[in-house]
Structures are given as C-alpha cells and as structure tokens.
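Counting in full-length UniProt numbering, the sequence shown runs from 1 upward without gaps. Every residue, glycine too, gets a C-beta built ideally from N, C-alpha and C. Please read all numbers here as calculations on a predicted model, not as lab measurements. One structure is given below, encoded as structure tokens.
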Amino acid sequence: MVCSCSSPQGAKLPMSIIIVGVGQAEFDAMVELDGDDIRISSRGKLAERDIVQFVPFRDYMDRTGNHVLSMARLAKDVLAEIPDQLISYMKSRGVKPNPSPYTPPGHTHHTQI
Numbered sequence: 001m002v003c004s005c006s007s008p009q010g011a012k013l014p015m016s017i018i019i020v021g022v023g024q025a026e027f028d029a030m031v032e033l034d035g036d037d038i039r040i041s042s043r044g045k046l047a048e049r050d051i052v053q054f055v056p057f058r059d060y061m062d063r064t065g066n067h068v069l070s071m072a073r074l075a076k077d078v079l080a081e082i083p084d085q086l087i088s089y090m091k092s093r094g095v096k097p098n099p100s101p102y103t104p105p106g107h108t109h110h111t112q113i
C-alpha cells in the first residue's frame, strides 16, 4: 500500500503519508520513500511533490524516562512537513485561500501563497 500511494502518481493526490518505524530494523527503504534528500521516481517519472514523512520511533525514546517529552517531540516531527505539503498541493492546483471573513478596523489583510 505504501509503495503505490507514495509513488509519483500518489503525489498528485491531496494526501500526506506519515510512517513511524518501530523496532531496531534498518529503515533505508522508508528513508528513501520520505524523499527529503531525493524526490522519489517511478519508471523515470519524478513525484511532483513530497508526500511522505518518516521517523524512526527509536530516535524518540528518552533515556531519562521522560515519555511525555519524547512523545511531544515525536508528534512535532511527524507533523512538521504537513503544512508545507498542504501548501505545495494547493499551489500545484492553483488554489488560493479565501479572504478572511472579518478584518478588524485598523488592520490590513495580507494573504500570501
């Protein structure tokens, strides 16, 4: 499932894929799917955008036992790329945000995408 959804074809869809690697295995294939360093390709066709975020869970195990801090760091990192992925999808489709329904007096309204 991950391979087909994260293919260049999947990058055309309005989705993001979050993968958390559990265990001590090597996650080279997941790192490749993440595409932070090299955009994935299939049959010579590059994905139009990065839709995968991968993190190995073992990197977030706090040795001091502070599990709340560990889980907060994990959540922050797995969600870190979602805003940019959403914006890149909207830009690729020419979708601009609607103006704010209310601008308080004395404030200017700026929308930038």
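Short check: CB of L33 to CB of V52, under 8 Å? It is a contact, given that the beta carbons lie within the stated cut-off.
Quickly, what does DSSP pair G21 with across the bridge? List them, please. DSSP lists P56 as partners of G21.
Compute the beta-carbon to beta-carbon distance between G21 and F54, rounded to the nearest angstrom, for a pair I have assumed lies under 8 Å. Taking 8 Å as the upper bound for CB-CB distance, G21 and F54 are in contact here, some 7 Å apart.
Range of the contiguous alpha helix (DSSP H) that encloses P83: Per DSSP, P83 belongs to the alpha helix (DSSP H) from 82-92.
Here's the rule: buried if 16 or more other CB atoms are within 10 angstroms of the residue's CB, otherwise exposed. What is K76? For K76, the number of other beta carbons within 10 angstroms of its own is below 16, and it is reported as exposed.
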